[in-house]
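Here it is in structure tokens:
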């Protein structure tokens with residue numbers, strides 16, 4: 016039931032959520048229910064889709080959830096880029112988060128390829 020907890024990419028995505036919350040806490044308070052919330056929800060979506068997909072009945076279905084997780088990563092990147100343009104938080108911290116989510120995306124892509132080769 017909880018095999019996703021053993022996946023390194025899920026563990027990394029959970030760490031990423033923590034980093035997202037720390038950095039976006041520095042965004043303006045009036046953005047809490049706007050871009051801050053959107054970035055946070057997209058980051059959480061990465062981990063949730065990995066977890067949900069791992070419980071699916073097939074590798075094909077798991078891969079579908081993993082692709083959704085990748086798209087959530089793109090959403091995070093776009094939100095962080097908006098934050099950078101609007102000078103929200105520290106630019107270097109936002110850029111570090113973009114590097115982290117790109118790494119997670121690469122890990123997810125690798126997992127999709129592995130699932131495809133196993134089937």
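Residue numbers (this note's numbering): 16 to 134. Ideal placement from N, C-alpha and C gives every residue a C-beta, glycine not left out.
Check whether residue i and residue j have beta carbons under 7 Å apart
| i | j | result |
| --- | --- | --- |
| residue 62 | residue 28 | yes |
| residue 35 | residue 64 | no |
| residue 125 | residue 85 | no |
| residue 38 | residue 104 | yes |
CA nearest to the CA of residue i, picked from the options
| i | options | result |
| --- | --- | --- |
| residue 31 | 46, 100, 91 | 91 |
| residue 110 | 89, 69, 96 | 96 |
| residue 113 | 58, 23, 18, 130 | 58 |
| residue 70 | 42, 56, 19 | 19 |
| residue 129 | 81, 43, 107, 67 | 81 |
Extent of the continuous alpha helix (DSSP H) run through residue i
| i | result |
| --- | --- |
| residue 20 | Residue 20 -> no alpha helix (DSSP H), and no H or E assigned at all. |
| residue 89 | 74-100 |
| residue 47 | It is not in any alpha helix (DSSP H) - residue 47 carries neither H nor E in the DSSP assignment. |
| residue 108 | 106-133 |
Is it the case that the segment 50-58 contacts the segment 67-79, given that we only count it when at least three CB pairs across the two stretches are under 8 Å? no
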